[in-house]
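Notes to accompany the following structure.
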Amino acid sequence: MIERYSREEMAKNWTMQAKYQAWLDVEIAVVKAWNKLGLIPDDDAQKIVDNAGFSVERIDEIEAVTRHDLIAFTTSVSETLGDESRWFHYGMTSSDTVDSAVALQMTASLKIIIEDTKMIMESIKKRAMEHKMTLMVGRSHGIHGEPITFGLVLAVWYDEMARHLTNLEQTMDVISVGQISGAMGNFAHAPLELEEYAMEELGLKPAPASNQVIQRDRYARLATTLGLLASSIEKFAVQVRHWQRTEVYECEEYFAKGQKGSSAMPHKRNPILTENITGLARMVRAYITPAMENVALWHERDISHSSTERFWLPDSFITCDFMMHRMNNVIANLTVMPENMMKNLNLTGGLVFSQRVLLELPKAGVSREDAYRIVQRNAMKVWEEIQQGKSTTNDEGESLYLQYLLADDELRESLSEEQIRECFNFDYYTKNVDAIFRRVFK
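Take -11 as the starting number for the sequence shown in the numbering used here and just add one per residue.
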């Protein structure tokens, strides 16, 4: 992954040094297991544990000749040992080393993603509590619907991230497996106990059954988990981008002193962080396809998966980690404008209360069809006024929709002025926010 979109904490898990160190960790665990089973003498095992090492540069030199990175690795390590090197990689196939090592890299990286998720959840919760009762307009199809609170929007985000946390933890269980089962997965040259001892040393679980490789449905599960997570982060980012639009302007990414938005237009304050997140999410999702296609390998194994995994595994983790930290920064420092939220809530002259009026009429004996006709008829009058750019409130600050309803003789036959005015009460729409918060923030 390019450095621009990388964090050191995650990227270091996917360097060549980290890759070969994971390989060595697996090989050392197997040496210890063979020693425990009585094959490798104590002295030889200890020498391997103490002295085995490698050089990335030397591995590259050897691979240029062998065209096999695992053999280049074992040769490089053997050069740091004496006669005891005969026990190194004993009874193993390349994928025993590689797949078990990748499991170590994946689990270490997924732990970071899990912590990232908890971090974002905490930031969302903090802002949700801060704006629990901050009124704003809810939108469907991009059009004003009914009053909600900004805190409720964030509660939905929190609940979504809680599902991702569960999914990540379940995925951790799926991917944290290794194997030392030999070239065809039949343990012909190494007992099952060897695998059990080695996996215990590594903190992994033995794959219950494998062939030459760990089955790639496990990897595909990881790819989809990260893709779903990235999609939710993008969802939050897209929402912020909409809120920051000049015509809406309810929230804004923090704009730092000295920051510039355009080389041509000095006034611009663009949502560049969330736009960046939107693009990065596309990259994470794009890697789901090769991960899925890697599931169908020939027989006990081919290497068609190998080249793609050198791309998608590090890139998915590094990109997801980066965009999550960026989104957390956006949420934690988001500029929220309650006054503009209220301004937009009143923009349509009280139309956001139409359903409340609609539901009151059947209580007064009016049919659903007639109620809808009466309420919509007056709502359309307001839309016509809005289209002409007219004010949606009178000099007393009363909404245009309320004025039309109070003047509707057919409506007044069923509802009193007091009943109609009561429909224009914001408290009605926030009365259950506390209960929702108790369900979400347990």
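Using N, Cα and C, we set each Cβ at its ideal position, and we do this for glycine too.
Keep in mind that this is a model prediction, so the values were computed, not measured.
What are the start and end residues of the beta strand (DSSP E) that includes Thr125? On the sequence shown, residue 125 is found 137 positions in, with the first residue counted as 1. Before going further, note that residue 125 is Val rather than Thr in the sequence given. Counting along the chain, the beta strand (DSSP E) containing Val125 begins and ends at 123 to 128.
Less than 8 Å between the CB atoms is what I'm expecting for Gly139 and Val340, so what's the real figure, rounded? Within the sequence shown, residue 139 is the residue found at index 151, counting from 1. Within the sequence shown, residue 340 is the residue found at index 352, counting from 1. Their Cβ separation, rounded to whole angstroms, is 18 Å, which puts Gly139 and Val340 out of contact at 8 Å.
Rounded Cβ spacing between Leu403 and Glu348 (contact assumed at less than 8 Å): Here residue 403 refers to the residue found at position 415 of the sequence shown. Here residue 348 refers to the residue found at position 360 of the sequence shown. The pair is a contact, with the Cβ atoms about 6 Å apart (cut-off 8 Å).
Could you tell me whether any Cβ in chain B is nearer than 8 Å to the Cβ of Val86? Going by chain labels, chain B is absent from the structure shown, which holds only one protein chain.
Find the nearest neighbour of Ala359 within the set Glu372, Trp371, Lys369, Val345, judged by alpha-carbon distance. For this step, residue 359 is matched to residue 371 along the sequence shown. For the residues Glu372, Trp371, Lys369, Val345, the minimum Cα distance to Ala359 belongs to Val345.
Neighbourhood of Asn382 by C-beta distance below 7 Å, restricted to the same chain and skipping five residues each side: Start at 1 with the first residue of the sequence shown, and residue 382 comes out as number 394. Only Gln391 meet the Cβ criterion.
Nearest by alpha-carbon distance to Val370: which of Gly353, Leu388, Val363 is it? Residue numbering aside, residue 370 sits at position 382 when the sequence shown is read from its first letter. Out of Gly353, Leu388, Val363, Leu388 has the C-alpha closest to the C-alpha of Val370.
Kindly give me the distance between the Cβ atoms of Asn334 and Val236, rounded to whole angstroms, as I take these residues to be in contact under 8 Å. Numbered from 1 along the sequence shown, position 346 holds the residue referred to as residue 334. Numbered from 1 along the sequence shown, position 248 holds the residue referred to as residue 236. With 8 Å as the limit, Asn334 and Val236 do not qualify as a contact, their Cβ atoms being about 14 Å apart.
Closest by C-alpha distance to Ser83, when choosing among Gly166, Tyr207, Leu25, Cys411: Sequence index remark: in the sequence shown, residue 83 carries index 95 (1-based). Per the Cα distances, Gly166.
How would you write the range of the alpha helix (DSSP H) that Pro350 sits in, first residue to last? As a working note, residue 350 is residue 362 in the sequence shown. Note, Pro350: alpha helix (DSSP H), 342 to 351.
For the region 154 to 164 against the region 197 to 212, are there 3 or more C-beta pairs whose distance is under 8 Å? yes
Name the one or two DSSP bridge partners that Glu240 has. Residue 240 sits at position 252 when you count from the first residue of the sequence shown. Answer is Thr323.
From Ala91, Ala218, Glu263, residue whose alpha carbon lies closest to that of Pro194: Start at 1 with the first residue of the sequence shown, and residue 194 comes out as number 206. Among Ala91, Ala218, Glu263, the Cα nearest to that of Pro194 belongs to Ala91.
Along the chain, where does the alpha helix (DSSP H) containing Gly133 start, and where does it finish? In the sequence shown, the residue the question calls residue 133 occupies position 145. Per DSSP, Gly133 belongs to no alpha helix (DSSP H); it is in the beta strand (DSSP E), 131 to 137.
Which residue's Cα is closest to the Cα of Thr336: Phe414, Glu189, Val125? Counting from one through the sequence shown, the residue named residue 336 turns up at place 348. When only C-alpha atoms are compared, the closest one is Val125.
Using a Cβ-Cβ cut-off of 7 Å (strictly less than) and excluding sequence neighbours within five positions of Ser219, which residues of its own chain qualify? Taking the first residue of the sequence shown as position 1, residue 219 is located at position 231. Contacts found: Ala269, Arg273.
Roughly how far, in whole angstroms, is the beta-carbon of Asp309 from the beta-carbon of Arg(-5), given that I think they are within contact range, below 8 Å? Numbered from its first residue, the sequence shown carries residue 309 at position 321. Numbered from its first residue, the sequence shown carries residue -5 at position 7. Contact flag correct, Cβ pair sits at about 6 Å.
Out of Val318, His313, Lys378, Pro350, state which residue places its alpha-carbon closest to the alpha-carbon of Glu(-3). Locating residue -3 in the sequence shown gives position 9, counting from the first residue. Taking only the C-alpha atoms, the option nearest Glu(-3) is His313.
Does the distance from the CB of Glu189 to the CB of Ala21 come in under 8 Å? Within the sequence shown, the letter at position 201 stands for residue 189. Within the sequence shown, the letter at position 33 stands for residue 21. In contact: Glu189 and Ala21 (Cβ atoms closer than 8 Å).
Selected residue, minimal CA-CA separation from Thr3, among Ser251, Ile291, Met(-11): Locating residue 3 in the sequence shown gives position 15, where the first residue counts as 1. Selected option, being the one with the closest Cα: Met(-11).
Using a Cβ distance threshold of 8 Å, determine whether the region 192 to 208 contacts the region 275 to 294, with at least three qualifying pairs required. yes
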